[in-house]
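Positions 7 to 962 (our numbering) are the ones given, in order, by the first sequence. Since the structure comes first, as structure tokens, the remarks are kept for the end.
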Amino acid sequence: MRDTVMEYNPATIEAKWQEAWGEGAVFESDVDQSKPKFYCLEMFPYPSGKMHMGHVRNYSIGDSMARFRRLSGFNVLYPMGYDSFGMPAENAAKKIGGHPHDVTWENINSIRSDLQKMGFSYDWRRELATSDATYYKWNQWIFLKFHEMGLVERRTAPVNWCEKCDTVLANEQVKNNRCWRCADEVRQKDMAQWFLKMTAYADELLDSLEDIDFPENVRAMQRNWIGRSHGVDIDFPLVGEKEVIRAFTTRPDTIFGVTFVTLAPEHPLCETLVSGTEYEASYRELAEECARMSEFDRVNMLRDKKGVFLGRYASNPLTGEDVPIYAGNFVVASYGTGAVMAVPGHDQRDFDFAKKYDIPIRQVLSEEQGKEPKVTGRAFEGLGWMVNSNRDGFDGLYGDDAKQAVIQALESEGMGQGTTQYRLKDWLLSRQRFWGTPIPFIHCDDCGVVPVPTEDLPVELPLDVVFTEDQSGNPLASHTGFVNTSCPKCGGKAMRETDTMDTFYDSSWYFLRFADAMNNQAPFDKISADYWMKDGVDLYIGGIEHAVMHLLYARFFTKALRDAGLNDVSEPFSRLVCQGMVNAPTPYCASCNVELHVDLEGSPCPTCGDALTFRSAKMSKSLGNTVSPELMIEKFGADTVRLFILFGANPEAGMDWSDSAIESNYRQMRAIHSALIQGIENNSTTGNMDEWLLARARKSHIDWNGQMSNIGLREGVMISHFEMVSDWQWAQRRGGVSRTAAQSYLRTWIPMLYPATPHLAEEMWQILGEEEMLANTVIDMTITAHENDPITLGQEEYLRRVIDRARSVRELAQRHTEGALSAVIIQTAQVWKDDLAKKAIKMYQDGFNFKQGGSKFLQTQPYFRDESTKGEVMQFWKIVVSGQKKRRGRIYTWGEQENNLVQTGFDEVAFLSANAEFISGALEIGSVEVYRAGEGEDVAGKSRSSLPLEPGIAWR
RNA sequence: GCAGGGGUUGCCAAGCUUGGUCAACGGCGCUGGGUUUAGGUCCCAGUCCUCAGUGGUUCGCAGGUUCAAAUCCUGCCCCCUGCACCA
């Protein structure tokens, strides 16, 4: 046995335990109302081939937490699946002339095998792939449910079209007018599309954001995205017409400053107003210019605000005053009403516009109460006191009062309506692509658009489709077997809907499916969902890139499904952790500010010819700076990779890949391994360090549990994988421990190694003689310190400090001494110092006022009356109770350990003498002399500076 | 412009919510020593300045509060992320 366990051989033990876990089905968990649950979830991967470092990081964090919670007695749900619909598979199929189904499964099988090699503790029974009909059937079922609830709408609207992806996109999926996936420019197109009415939940989505434990930036992004603003729709009657222009504003308090009205060029009224007039030509020019440009370019050139007068006037509903109507290139048709009441006095943009076109500027708010507004050459946009109102009853009102007064006046006169606007739009979820969930509707010439009856689900994607590179459009549309069907209502000939769902739909409820993944009667059972999802997924880990899209959709789904009666929970994720990126060194040109491919390492910059330096950049294929997890596992083992990932940085911080760091972590694993072996083989019957080592174990365990409970993985691992090794080694150097203590230490330590490096922990646990796997073990997390622990730990720290201080003086001492040093002389504090310090601590704890009563107390002390020591006593007292210069008095700085030592009358001389041999070894000095100051020669005058716990140290 | 997050001793990075035990955890790098046939591994020590030690100057910059500030307050500078002529 000895030979097999002496060497750390990760390949062997990792395979062994992965198999044992699988055979024992130890990670399978079911609803158990008697146990507290912990639902740990990672954003499931899109199966794009191999597992990459980003995945490794994400899942290493999750797996450690899942294992930690199991160890603590929780019933843990920890599932894994694949977000396997989507375009890359379809595009890959086109390239190789295959079917996305096959491409997808090849990738899934590859990723699954990678996941298993890392030893992640998933309940594999629950594995799912969204491209399976067993999953997407429920997508369709839910869609029909939403349809019943009135949340589904098919309507023709201008939508975002991506040419390259050959499909429409949701608003959330367009960044800077570019497709989030392929970065191709998106253009607007009118199409009949399917929408989910997410706006019906806008308020709840925004308001409940306050109650969930999301990172602040994610919350801010969602808040921003929903973009709720309170205001009022105001009707400006067209002069000489019956029609009105409805404008939305959040600043009704500025209504008396309106000097013109601006319409979006796309506003239908523009056309009506100018048609056949002298203003038509200039309007058309503007409108066409705007239409020609993509929205992106339009935004970019909007520094140049442009507008044209439309030749007509509208009247201010509160004053009857006529103001000109303009069309402006900066007014967005899709926000609010597409019309803006312009107040140049209090809106900088309107101000600039008014200056340019010579429109009057009127200030109707004052910055200071009771004063006239200042003329500053720019708009005052803050809240102020109303002035110059062309109507009684408004001047002097401020802020919300002012706004409310105006809204009330408008409402009572039927000229306006208080309202709330959102930036959030309904979710456009239809896609003109093959590899997605078919939308379960049928088009019938007679009956219109008819839902597929639930008993006919799933509407399956055909497998007999040939994909080719030159193909364009959706192959579903040309698959007659799929398209041709009969109408469920009238039985007549009908056609299937060929649009499929956005893949974000699939991931919007997969966490609920995981709660009851094998269910073939329903998407999930309510009891299971409510058990596992109570208060949401307890820990959800994934990338920040889904802050708005996935996380918003999932929140919407959970609420909508709740209203459908499928579950009780309202928020899917109670604690969200966005793990940081994994970066790696990349060639970098400082002058050009570009990161370059690793192949260019050592060459000059291809653009400017400068020498390249290195910089950390996100691992990416295009830079070639990726590191293959597979290779690393092969080289160092999964446990080392996991340790590196967890110890390298806190979950939310970015981390840099480093070859030397992973090697150092591998060394650490070996150090742990050999310490464990040494511990297991220890047969000593005596042990000087028993008490100390076990006290350390208790303290480490308490700290570790605290850190791990709060996802402080880096700190947790530092304790379990670093400090505890050092403690073990220190105990060995200081005289070793007995078999009993070693065994006890290992029984505390090995389980602590388990969350981060489970294979090694299981192996050692078994060698230790335990029969039950750690995977099946619950350990006591309520370990507390023993009463004597502070003293035990304090003494050892005292020794270390004495040695440290001796070392730091050594060099200086050498300079003052001729010849080699031969002895270190340690003078501990005089008895009276110990006594005074003890009293001072007690007095401090009793709340004694040292400033007032300090010197009076001193005078009662015997050693104070002795003229020869009086000065020293004074000085000492000051150091102890008030400190000197920047350093506080010792009574304040001593911790629990020090206080305990001083108060229990710790005998420093006896302790140091007993350890003289160790000290002389550590300091590599022949002789160690210890005595109380005054009881031996006062070498180098150190007796005076000796303090309790800080003996005077001299060299000779 | 708006919003969110940051700037800590060579690098990475704790701590700052609940001011004092913070010259400030830990890792990397570097230096020295030991172990080893050698290299590697491993172990020990050092790594702001000064000094036979309880001293000085540090935690983006400048002020302020306090007996006491990396930690609280004010202003400024810089960096990152998201949104953006949103009325």
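Each residue gets a CB set at the ideal place from its N, CA and C atoms; glycine is no exception. Keep in mind it's a predicted model, so treat the numbers as computed, not measured.
- Message: Taking its Cβ as the centre, do 16 or more other Cβ atoms sit within 10 Å of Leu-469, making it buried, or is it exposed?
- Response: Stepping through the first sequence from its first residue, residue 469 is reached at position 463. It is exposed - the Cβ of Leu-469 has fewer than 16 other Cβ atoms within 10 Å.
- For Leu-719, which option in Gly-103, Arg-63 and Asp-38 has the closest C-alpha, if you only look at C-alpha atoms? Locating residue 719 in the first sequence gives position 713, where the first residue counts as 1. Nearest of Gly-103, Arg-63 and Asp-38 to Leu-719, Cα basis: Arg-63.
- When the Cα atoms are used, what is the spatial distance from Gly-911 to Asp-840? By 1-based counting over the first sequence, the position of residue 911 is 905. By 1-based counting over the first sequence, the position of residue 840 is 834. Approximately 8 angstroms between the Cα atoms of the pair.
- Identified DSSP bridge partners for Ala-253: To locate residue 253, count along the first sequence from 1; it is residue 247. Residue pairing of Ala-253 in beta bridges, as defined by DSSP: Ile-240.
- Where Phe-473 and Lys-565 are concerned, what is the direct C-alpha to C-alpha distance, given to the nearest angstrom? Position 467 of the first sequence, counting from 1, holds the residue named residue 473. Position 559 of the first sequence, counting from 1, holds the residue named residue 565. Each residue's CA atom was taken as its position, placing Phe-473 and Lys-565 some 38 angstroms apart.
- Message: I need the boundaries of the alpha helix (DSSP H) containing Arg-131, first residue and last residue.
- Response: Reading the first sequence from its first residue, position 125 is the one you call residue 131. Element bounds for Arg-131: n/a, residue is neither H nor E.
- Task: Write down the C-beta distance between Val-370 and Thr-260 rounded to the nearest angstrom, noting that I regard them as a contact closer than 8 angstroms.
- Result: Sequence index remark: in the first sequence, residue 370 carries index 364 (1-based). Sequence index remark: in the first sequence, residue 260 carries index 254 (1-based). Indeed they touch by this definition, with Cβ atoms about 6 angstroms apart.
- Query: DSSP state of Arg-704, grouped into three classes?
  - Reply: Counting from 1 along the first sequence, the entry for residue 704 is found at position 698. Three-state DSSP puts Arg-704 in a helix.
- Do you know whose CA, among Ile-19, Tyr-84, Phe-315 and Asp-36, lies nearest Phe-50's CA? Position 44 of the first sequence, counting from 1, holds the residue named residue 50. Of Ile-19, Tyr-84, Phe-315 and Asp-36, the residue nearest in Cα terms is Tyr-84.
- Query: Looking only at DSSP bridge pairs, what is Tyr-319 linked to?
  - Reply: Here residue 319 is taken as the residue at index 313 of the first sequence, counted from 1. For Tyr-319, which the question treats as bridged, DSSP gives the partners Pro-330.
- the segment 154-173 touching the segment 509-526, judged by at least three CB pairs closer than 8 angstroms: Segments in contact, no.
- Message: Measuring straight from C-alpha to C-alpha, what distance separates Phe-653 and Ile-668?
- Response: For this step, residue 653 is matched to residue 647 along the first sequence. For this step, residue 668 is matched to residue 662 along the first sequence. Taking the straight line joining both Cα atoms gives about 10 angstroms.
- Item | DSSP bridge partner residues for Trp-433 (one or two, in chain order) | As a working mapping, residue 433 is identified with position 427 in the first sequence. DSSP lists Leu-202 as the bridge partner or partners of Trp-433.
- Query: Based on Cα-Cα distance, which residue from Glu-466, Gly-342 and Gln-354 lies nearest to Lys-311?
  - Reply: Mapped onto the first sequence, residue 311 falls at position 305. Taking Lys-311 as reference, the option from Glu-466, Gly-342 and Gln-354 with the minimal CA-CA separation is Gln-354.
- Message: Helix, strand or coil for Gln-585? Go by DSSP, reduced to three states.
- Response: Here residue 585 corresponds to residue number 579 of the first sequence, with the count starting at 1. Annotated three-state conformation of Gln-585 is coil, per DSSP.
- Message: Once DSSP output is grouped into helix, strand and coil, what is the label at Cys-450?
- Response: Residue mapping note: residue 450 aligns to position 444 of the first sequence, counting from 1. Three-state result, Cys-450: strand.
- For Phe-359, three-class secondary structure by DSSP: Locating residue 359 in the first sequence gives position 353, counting from the first residue. Reduced to three states, the DSSP call for Phe-359 is helix.
- Query: Less than 7 angstroms separating the beta-carbons of Ala-208 and Ile-232?
  - Reply: Translated into the one-based positions of the first sequence, residue 208 becomes position 202. Translated into the one-based positions of the first sequence, residue 232 becomes position 226. Contact: yes.
- Select from Glu-943, Asp-944, Gln-851 and Val-936 the residue whose C-alpha is nearest the C-alpha of Gln-909. Mapped onto the first sequence, residue 909 falls at position 903. Selected option, being the one with the closest Cα: Gln-851.
- Beta-bridge pairing of Asp-219 - partner residues as DSSP gives them: Here residue 219 refers to the residue found at position 213 when the first sequence is read from its first residue. DSSP, once it has assigned bridges, lists Arg-581 as partnering Asp-219.
- Go ahead and pull the three-state DSSP assignment for Arg-962. Looking up residue 962 in the first sequence gives position 956. Shown here, Arg-962 sits in coil according to DSSP, grouped into three states, outside any helix or strand.
- Just the C-alpha distance for Asn-115 and Ser-622, rounded to the nearest angstrom, thanks. Position 109 of the first sequence, counted from the start, is the residue given in the question as residue 115. Position 616 of the first sequence, counted from the start, is the residue given in the question as residue 622. Cα to Cα, the separation comes out at about 32 angstroms.
- Message: On the DSSP bridge list, what partners appear for Val-192?
- Response: Taking the first residue of the first sequence as 1, we reach residue 192 at position 186. Val-192 is bridged to Cys-168.
- Inter-residue spacing [alpha-carbon to alpha-carbon] between Arg-502 and Gly-660: In the first sequence, counting from the first residue as 1, residue 502 sits at position 496. In the first sequence, counting from the first residue as 1, residue 660 sits at position 654. Counting only the Cα atoms, Gly-660 lies some 48 angstroms from Arg-502.
- Message: Does the structure place the segment 684-699 close enough to the segment 745-759 that three or more beta carbon pairs sit under 8 angstroms?
- Response: These segments touch.
- If Asn-656 and Lys-624 are in contact, beta carbons under 8 angstroms, what's the gap, nearest whole angstrom? Working through the first sequence from its first residue, we reach residue 656 at position 650. Working through the first sequence from its first residue, we reach residue 624 at position 618. Under the criterion of beta carbons closer than 8 angstroms, Asn-656 and Lys-624 do not qualify as touching, at roughly 18 angstroms.
- Residues that Ile-547 bridges to, as DSSP identifies them: Indexing the first sequence from 1 puts residue 547 at position 541. The beta-bridge partner set that DSSP reports for Ile-547 consists of Glu-48 and Val-583.
- Message: Residues in the same chain with beta-carbon distance under 6 angstroms from Phe-856, minus the five sequence neighbours each way, listed in chain order, please.
- Response: As a position in the first sequence, residue 856 is number 850, starting the count at 1. Counting only Cβ-Cβ distances below 6 angstroms, and skipping sequence neighbours, we find Val-887.
- Task: With DSSP as the reference, please indicate the residues paired to Pro-444 in a beta bridge.
- Result: By 1-based counting over the first sequence, the position of residue 444 is 438. Within the DSSP secondary-structure output, Pro-444 pairs in a beta bridge with Thr-506.
- Could you name the residues that DSSP lists as bridge partners for Gln-423? For this step, residue 423 is matched to residue 417 along the first sequence. DSSP lists Asp-239 as partners of Gln-423.
- Message: Taking its Cβ as the centre, do 16 or more other Cβ atoms sit within 10 Å of Cys-496, making it buried, or is it exposed?
- Response: For the purposes of this step, residue 496 is taken as the residue at position 490 of the first sequence. Exposed, because fewer than 16 other Cβ atoms sit within 10 Å of the Cβ of Cys-496.
- Item | The beta strand (DSSP E) enclosing Glu-935, as first and last residue numbers | Taking the first sequence and counting its residues from 1, one reaches residue 935 at position 929. Unbroken beta strand (DSSP E) run through Glu-935: 933-938.
- Query: Unbroken beta strand (DSSP E) runs of length 3 or more, entirely within the segment 484-543: which are they?
  - Reply: Along the length of the segment 484-543, whole beta strand (DSSP E) runs at least 3 residues long occupy 490-492 and 499-502, reported in chain order.
- Query: Can you tell me whether DSSP reads Tyr-88 as helix, strand or coil?
  - Reply: For this step, residue 88 is matched to residue 82 along the first sequence. DSSP places Tyr-88 in strand when its eight states are reduced to three.
- Query: Are the segment 250-265 and the segment 434-441 touching by the rule of at least three beta carbon pairs closer than 8 angstroms?
  - Reply: No: the two stretches stay apart, fewer than three of their Cβ pairs being nearer than 8 angstroms.
- Query: Helix or strand or just coil, what does DSSP make of Tyr-142?
  - Reply: On the first sequence, residue 142 is found 136 positions in, with the first residue counted as 1. Tyr-142 falls in the helix class under three-state DSSP.
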